[in-house]
Amino acid sequence: LPHPNYFPFASVGGEALCPTSYPINKPGGSSAFSWLWKLFSTQKTVTFQIPKYTSNPRDLNLAQGLQYGMVSGLPDLQTFTAEFTRKVYNPNYANFATLLHTGNTDGWAKAALLLCNPGEVVLVEEWTYPSAVAMMEPFNIKPIAVPMDGQGVLGSGLRRLLEEWDRETRGMSRYMCLRMDVVSYIIIVEDDPYYFLQQAAYVRPSNRTRDYDSVPEDDEEFLSRLSPSYLRFDYQGRVIRLDTFSKLPDVDSDGSHATLIDCIHHEFDVQLENTNTSGFHQGLPVYMASLKRPHNFFSEKQTFQPVLSFIPPSAGMIEIFFNTHPSFSSTGSEALEMKLWVALAEAGLLLSPGNWFAGEPGVSERADGAHFRMSFSTAEFEDMRKGVQIFSAVLTEFYTTLQ
Amino acid sequence: FTAASPTEEGAEISARIDGDDLTEGLQYGATAGYEKLCNWFVGLQEFSHHRKKTDDWAVTVGSGSQDLIFKAVNALVNPGDPVLVESPVYAGVLPMFSTLNCEQVEVETDAHGIKSSSLRSILENWPAGKPKPRVLYTVPYGCNPTGMTATLERRKEVLNLAREHNFLILEDDPYYYLYYGKAPRYPSYFALESEETNTGRVLRFDSLSKILSAGIRIGFASGPKPLLDAINKHTATSNLQVSSLTQVIVYKLLEAWGYEAFTKHTEKVSQFYGAKRDVFEAAMQKNLSGLAEWVAPEAGMFFWFKLLLSNDSSIEGDSSALISEKAVKEGVLALPGTAFLPNGRQTAYVRASFSLLGEAEVDEALKRLAKVVRDARA
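Below you can see the structure in the form of structure tokens.
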């Protein structure tokens, strides 16, 4: 080990907002930023400082923090994550282990390389995180898309996929056979960065009640209302769950989800599908208090519009599904999608085209229409409104031109 | 944060990261690294290696040079490929090659680094038709474990062979700034190749682990852009980037210091390890004369010595068995050399690190080891 005397840092410190600084229920009407500035003006921060050496070696110190450490992570942080996992995710067996990693993408990369040899396959959602699939390609690990809908993987679709598994076309694998006890060979890697961005179903502004944004105080109740992790049901040890601090809501994203949908509503008078979403944010002690977010929406069942169908998500970022005009089906969905994507970009709106997220080549081609991902995390209300207006204008022209 | 000033004894500098810098430190950043830090590193390569910034090379920041070496190996080496590996070699790269089922071709080394005659012989006698190795891995300053530093003559010969036989040099140089030898500093491979017209054969790995912080996980690679692009693509599907915040912190410190003060700091670090080396050397002379063979290092933090476990010099003993069976019981540990041999064969060598021990501890440790060796010879 190098000698810590020559690590030049003498002390490292910082100042952070208290978890309780963030209001659980955001004051309505103000912009995403205005109340933040009010917050800073009340100086609710906590300071911390880590010295080079401490009299008690078990206290956090830089001599240790700047030195080579354990592969599994700083012991104090490991203890925290184990307790956190037990409390929040409640794994269905006692001797689970936790391990620190450098972000979920890396966590997945390590899990994939641990579990798969070149030539083997990974089941992925039909629409999935592109980097997870990109990572597998150089190692010749193939993705196989599993059908999904607005509520996630379709159990029936997965069952059918496995039962009708064709060894010839799919290639390999002693992992797949024609009986359902094939499940005994499957490990589930649950990549869950948006767990704490869960929201209840959306409801129109006019239908919102006074406690629309309310978040119950009781931590236990809050946790119980979140969609559970796969860990909750795992008694065999076949789930590897990935957690990240990357998406912890910061003030910028507060309320912007509802705002975006409001804009879309206004612009398109969109009919919303019914969604069985869950999740009211509740407080959790100390660190968890920072996860309180007012994302409460309610769903209503309505009929489809011919051009656009939209399933407000219950967590994280947003997807819009287009039912395209029947005359477009000959063009090919993917080509159509990219054409529309370019038109939107040229008009000043940058979205992510759905084909980037196809779990398997061909998923996008087989789709009924174009998909787009809109990310609302850092957008201000005015920008969102403008963006959705551009969207509406371009879409209208797009359809008109192609009639 | 506060940090030592290398130019003023006992003085501290303090720096604060807030506003835009902090925002940048907390948000996702560029794959190849925080731009200001990348630029500082480019400037350092010019300052230390006299290699000007040109279009044919760039830098990328990694979570330690280990991270970048792993990604470079993944980009350059296919399963089953032959690779040239100096021997004994840094144990941390061996799993990378063995996972790929590489043929690890050992290149002999001695007190002056890689034996270029051995390397030439390997390449000239390579079986016709068999694909030749495309990479050579070496730690040219204070090699871990041997402590040896490659001389200028040897470096030139290796570079010539790289050109002649068309392979890349992976120059892993974490002890570059820990040199305390009497001879004028030898140029790095990275510097050497730019002194002649033909560049693009050296992929250099620098580390802050021994001079700034090991735990902060910051290192950087310098070399041909196509190689760095491949590494960056791997990063984009794994850790995404090195932590923005630690990069901002490190940049703040390095910027406050500047290149002169940075060099001054590394000189102090070198002097520190040089003094430690002297203490260890004296204790070796005192306790292990006649019981071990060694060449004192001129860089880094390791002593590599052969335990003479038998009166018969033709018998090479097994340090691994000795350490685990006898030395541990006597209360002394040294790292068995077999861990550093690509093909894991038996050896009588051991590696000791002299970075942390005080004088009395070193003396006691070697006294105990001497007893173990004496008993083995009896």
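Quick mapping for you: the protein sequence lines, in order, are chains A and B. To convert, count from 1 in the first sequence and add 78; that's my numbering. To convert, count from 1 in the second sequence and add 246; that's my numbering. Where a beta carbon is used, it is the ideal one built from N, C-alpha and C, also for glycine.
{"Item": "Same chain only: Cβ atoms within 6 angstroms of B:Lys-471, ignoring 5 sequence neighbours per side", "Value": "Ala-304"}
{"Item": "Residue-level contact to chain B via CB, A:Leu-177, 8 angstroms cutoff", "Value": "no"}
{"Item": "Short CB-CB distance (under 8 angstroms) between A:Val-90 and chain C", "Value": "Absent from the structure: chain C. Protein chains present are A and B."}
{"Item": "Per-residue DSSP class, three states only, for B:Pro-377", "Value": "coil"}
{"Item": "Nearest-angstrom Cβ-Cβ length linking B:Pro-391 and B:Phe-548, presumed shorter than 8 angstroms", "Value": "5 angstroms"}
{"Item": "CA-to-CA distance, B:Phe-247 to A:Cys-255, given in whole angstroms", "Value": "In this predicted model, A:Cys-255 has a pLDDT of only 36, less than 50, meaning its place in the structure is not dependable enough to derive any value."}
{"Item": "Beta-ladder partner(s) of B:Trp-540, from DSSP", "Value": "B:Phe-551"}
{"Item": "C-alpha distance - B:Leu-615 paired with A:Lys-122, whole-angstrom precision", "Value": "59 angstroms"}
{"Item": "Segments of 4+ residues assigned as alpha helix (DSSP H) that fall wholly inside the region 428 to 469 of chain B", "Value": "435 to 441"}
{"Item": "First and last residue of the uninterrupted beta strand (DSSP E) at B:Val-488", "Value": "It is not in any beta strand (DSSP E) - B:Val-488 carries neither H nor E in the DSSP assignment."}
{"Item": "N- and C-terminal bounds of the alpha helix (DSSP H) containing B:Ser-599", "Value": "Run containing B:Ser-599: none in the alpha helix (DSSP H); it sits in the beta strand (DSSP E), 595 to 599."}
{"Item": "Which listed residue (B:Gln-531, B:Gly-265, B:Asp-313 and B:Phe-551) has its alpha carbon closest to that of B:Ile-464", "Value": "B:Asp-313"}
{"Item": "Alpha-carbon spacing of B:Ser-559 relative to B:Lys-282, whole angstroms", "Value": "56 angstroms"}
{"Item": "A:Thr-355 - DSSP class collapsed to helix/strand/coil", "Value": "Annotation note: pLDDT 27 at A:Thr-355 (below 50); position unreliable, coordinate value reported separately. Coil."}
{"Item": "Residues near B:Ala-257 by beta carbon distance below 8 angstroms, same chain, minus five either side", "Value": "Ala-250 and Ser-251"}
{"Item": "Exposed unless 16 or more other CB atoms sit within 10 angstroms - verdict on A:Cys-96", "Value": "exposed"}
{"Item": "Euclidean distance between Cα positions of A:Gly-91 and B:Thr-492", "Value": "13 angstroms"}
{"Item": "Own chain, CB closer than 8 angstroms to A:Leu-239, minus 5 neighbours either side, in chain order", "Value": "Leu-201, Ile-222, Val-224 and Pro-225"}
{"Item": "The region 563 to 573 of chain B in contact with the region 320 to 337 of chain B per 3-pair CB rule at 8 angstroms", "Value": "no"}
{"Item": "Interface flag, B:Lys-456 vs chain A, CB-CB below 8 angstroms", "Value": "yes"}
{"Item": "Entirely enclosed beta strand (DSSP E) segments - the region 421 to 462 of chain A, minimum 3 residues", "Value": "449 to 452"}
{"Item": "Straight-line Cα distance separating B:Ser-333 from B:Thr-355", "Value": "6 angstroms"}
{"Item": "B:Lys-298 - DSSP class collapsed to helix/strand/coil", "Value": "coil"}
{"Item": "Chain-ordered neighbours of A:Ser-430 on chain B, where CB pairs are closer than 9 angstroms", "Value": "Neighbours of A:Ser-430 on chain B: none; closest Cβ ~15 angstroms, over 9 angstroms."}
{"Item": "Cα-Cα separation, A:Ala-418 to A:Phe-476", "Value": "Rather than Ala, the amino acid found at residue 418 of chain A in this sequence is Leu. Cα-Cα distance, rounded: 7 angstroms."}
{"Item": "Cβ of A:Ala-187 within 8 angstroms of any chain B Cβ", "Value": "yes"}
{"Item": "Per-residue DSSP class, three states only, for B:Ser-535", "Value": "strand"}
{"Item": "7 angstroms CB neighbourhood of A:Ala-94 in its chain, flanking five on each side removed", "Value": "Thr-123 and Val-124"}
{"Item": "Best match in A:Glu-203, A:Glu-198 and A:Glu-204 for proximity to A:Met-214 [C-alpha to C-alpha]", "Value": "A:Glu-198"}
{"Item": "Whole alpha helix (DSSP H) elements within the region 271 to 333 of chain B, 4-residue minimum", "Value": "281 to 295 and 310 to 322"}
{"Item": "Beta carbon proximity, B:Ser-565 to chain A, threshold 8 angstroms", "Value": "no"}
{"Item": "Three CB pairs or more closer than 8 angstroms across the region 386 to 404 of chain B and the region 414 to 426 of chain B", "Value": "yes"}
{"Item": "Cβ pair count under 8 angstroms reaching 3, the region 296 to 310 of chain B against the region 434 to 441 of chain B", "Value": "yes"}
{"Item": "At least 3 beta-carbon pairs within less than 8 angstroms: the region 529 to 539 of chain B vs the region 601 to 621 of chain B", "Value": "yes"}
{"Item": "Three-state class that DSSP yields for A:Met-213 in the structure shown", "Value": "helix"}
{"Item": "Distance between beta carbons of B:Lys-498 and B:Ala-261, contact taken as under 8 angstroms", "Value": "5 angstroms"}
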